[in-house]
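Quick notes on the structure that follows.
Residue numbers (our numbering): 4 to 133.
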């Protein structure tokens, strides 16, 4: 039932740094390449399965219900092969990103973990076909 995520929104204090990380380091294409990270409240990235949005933390103040406002959000990217996972890991290292785990075997697949500038945990997963 809940197998298709369409949207992930990261609220943050430093939108420009987070936008630059996902755009310039990770390499995700912007929904609107002409949007100015300095002036926009909401900046979107388009992936194959979902929109990843960066939004100023102050927008959370307008949400009328109680929720955990401090929890970093884990985000998982998919690699289609072990070779692609290795290539993605090397790309991140070449951009100066410290990897927490690199091509580590887990019971659910092979992963590489790293953090974005806000401390959100990111994971790349290669899940071998069974």
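Glycine included, each C-beta is placed from N, C-alpha and C at the ideal position. The structure presented is a predicted model; accordingly, all values stated were derived computationally and were not measured.
I need the DSSP call for residue 107, collapsed to helix, strand or coil. The residue you call residue 107 lines up with position 104 of the chain shown. Correct three-state label for residue 107: strand.
Under 8 Å by Cβ, that's how I've got residue 76 and residue 123 pegged, so tell me the actual separation to the nearest angstrom. As a working note, residue 76 is residue 73 in the chain shown. As a working note, residue 123 is residue 120 in the chain shown. Correct: roughly 5 Å between the Cβ atoms.
Kindly indicate which three-state DSSP category residue 130 falls into: helix, strand or coil? Looking up residue 130 in the chain shown gives position 127. Residue 130: coil per DSSP, three-state reduction.
So for residue 22, helix, strand or coil by DSSP? Position 19 of the chain shown, counted from the first residue, corresponds to residue 22. Residue state, collapsed to three classes: helix.
Nearest-angstrom Cα distance between residue 100 and residue 68? If you number the chain shown from 1, residue 100 lands on position 97. If you number the chain shown from 1, residue 68 lands on position 65. When rounded, the separation of the alpha-carbon atoms in residue 100 and residue 68 is 36 Å.
Between the Cα of residue 113 and those of 83, 120, 20, spot the shortest distance and give me the residue it belongs to. Counted from its first residue, the chain shown places residue 113 at position 110. Considering only alpha carbons, the answer is 83.
Does DSSP put residue 96 in a helix, in a strand, or in coil? Your numbering for residue 96 matches position 93 in the chain shown. Three-state DSSP puts residue 96 in a helix.
Where in the segment 51 to 80 do unbroken runs of the beta strand (DSSP E), each at least 3 residues long, occur, reported from the N-terminal end onward? Counting whole runs of 3 or more residues, the segment 51 to 80 contains the beta strand (DSSP E) stretches 54 to 59.
Per DSSP, which one or two residues make a beta bridge with residue 113? If you number the chain shown from 1, residue 113 lands on position 110. Answer by DSSP bridge pairing, in chain order: 108, 129.
Nearest by alpha-carbon distance to residue 118: which of 102, 130, 133 is it? Residue mapping note: residue 118 aligns to position 115 of the chain shown, counting from 1. The shortest Cα separation from residue 118 among 102, 130, 133 belongs to 102.
Suppose contacts are defined by Cβ-Cβ distances below 8 Å. Is residue 8 in contact with residue 80 by that definition? By one-based count along the chain shown, residue 8 stands at place 5. By one-based count along the chain shown, residue 80 stands at place 77. No, Cβ-Cβ distance for residue 8 and residue 80 is not below 8 Å.
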